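If you want the numbering used here, it's the 1-based position in the sequence shown plus 113. The beta-carbon is built from N, C-alpha and C at its ideal position, and this holds for glycine as well. Computed from a predicted model, the values in this text were never measured in an experiment. The structure appears right after this line, and notes come after that.
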Amino acid sequence: MKTEFDAYEPGRPCWVDVMTTDVDAGKRFYGHVFGWDAEDQLDDEGNRIYVNFSKGGRMTAGMSGMGPEQQASGMPSVWSTYIATDDVDKISGRVSELGGTVIMPGMDVMTAGRMLVAQDPTGAFISFWQAADHKGAGLANTPGSFCWNELQTRDTAAAESFYTKLIGWTASTSEGDMPYTEFKLDGESVAAMMPMPAPVPAEVPALWLTYFAVEDCDASVAAIEAAGGSTMAPPMEVPVGRFAPVADPQGAVFAVIALSGEGLE
């Protein structure tokens with residue numbers, strides 16, 4: 114599986130970032146857990162507007178601070194998934210037609226690229242990225258970087274219709290006690306979807322869960338807890354490895370997974 118990227122084709126998850134209530138605490142936490150280096154991006158007045166994380170000189174993820182109004186509204190810290198596109202504005206025009214909502218219309222992010230934030234018909238937020246100087250994550254699918262993006266929703270039929278028509282993904286579902294859908298791009302699985310687990314409270318909205326690859330799931334969970342994070346469920350075995358859903362000290366939920374040989378193919 115490819116681990117270093119200099120560009121992403123349209124339709125492939127290309128970037129993840131976290132919006133948090135405490136950027137400095139987030140830098141310390143993720144640096145401890147994943148060994149990331151953090152570089153502040155500053156505006157012309159010297160104010161920090163974004164943080165780029167990297168490992169071994171290749172970017173892995175980003176972080177932004179939550180504004181006072183967002184914090185006052187009770188908005189939780191959250192990880193976001195970005196899908197590569199060659200035309201953000203074309204995507205924007207299709208979102209509403211397909212039952213979604215445009216939350217942030219296409220906008221230029223200085224010279225980095227152009228982005229769009231949308232909400233799918235089931236309530237999950239999804240972002241799109243049209244690259245310019247910022248091509249996306251330079252490192253993926255290897256320990257210390259994101260390796261999978263999974264939609265958890267209470268209406269898989271509506272979500273499947275939305276994403277396949279909007280992005281051009283095809284969907285392949287494995288039936289069983291917990292149906293699991295893989296979204297494919299040119300025959301390659303690039304993302305997934307599953308029904309929202311029953312124990313999740315009804316007030317928790319549909320979401321895209323970011324998975325980060327690690328060498329040892331149990332050791333990573335211990336490091337997360339030692340750094341002030343929490344474990345949503347104990348580590349468990351799945352066909353592609355051993356994973357655990359966790360949260361950082363500010364409440365942003367993500368997952369860590371130690372991929373097996375099958376998972377790395």
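Three-way DSSP call (helix, strand, coil) for V129 in this model:
strand
Any chance the CB of G170 is under 7 Å from a heavy atom of the ligand GDP?
In the structure shown, the ligand GDP is absent, as is every other ligand, since no ligand is present at all.
Which value, in whole angstroms, describes the spacing of the CA atoms of A174 and A270?
30 Å
To the nearest angstrom, how far is the alpha carbon of G63 from that of Q184?
The displayed coordinates of the chain run from 114 to 378. Any statement about residue 63 would go beyond what the structure contains.
Using a Cβ-Cβ cut-off of 7 Å (strictly less than) and excluding sequence neighbours within five positions of S343, which residues of its own chain qualify?
V359, A360
Span of the beta strand (DSSP E), counted from its first residue to its last, around K297
293–298
Using 8 Å for Cβ pairs, my map puts E386 next to A305. What's the rounded Cβ distance?
Examination of residue 386 is not possible in this model, given that the chain is present from 114 through 378 alone.
Determine the DSSP secondary structure at A147, reduced to helix, strand or coil.
The sequence shown places Phe at residue 147, rather than the Ala named in the question. Helix at F147.
Count the other CB atoms within 10 Å of the CB of L155; is the residue buried (16 or more) or exposed (fewer)?
exposed
Between the alpha carbons of L320 and D157, how many angstroms are there, rounded?
34 Å
Which class does K115 belong to by DSSP, given the choice of helix, strand or coil?
coil
Just the C-alpha distance for P234 and T214, rounded to the nearest angstrom, thanks.
7 Å
Taking its Cβ as the centre, do 16 or more other Cβ atoms sit within 10 Å of E117, making it buried, or is it exposed?
exposed
I'd like to know whether the C-beta atoms of V327 and A371 end up nearer to each other than 8 Å.
yes
Distance, Cα to Cα, M114 vs N254?
7 Å
With a CB to CB cut of under 8 Å and the five nearest residues on each side skipped, what residues in its chain are close to R267?
T235, P308, M309, A319
List the endpoints of the continuous alpha helix (DSSP H) containing T269.
269–280
If P218 sits next to L211, beta carbons under 8 Å apart, how far is it from one beta carbon to the other, in whole angstroms?
Their Cβ separation, rounded to whole angstroms, is 16 Å, which puts P218 and L211 out of contact at 8 Å.
If you draw a straight line from the C-alpha of W242 to the C-alpha of Y276, how long is it?
15 Å
Taking T294 as the reference, which of S274, A311, L279 has the closest Cα?
S274
M176 beta carbon less than 8 Å from that of G206:
no
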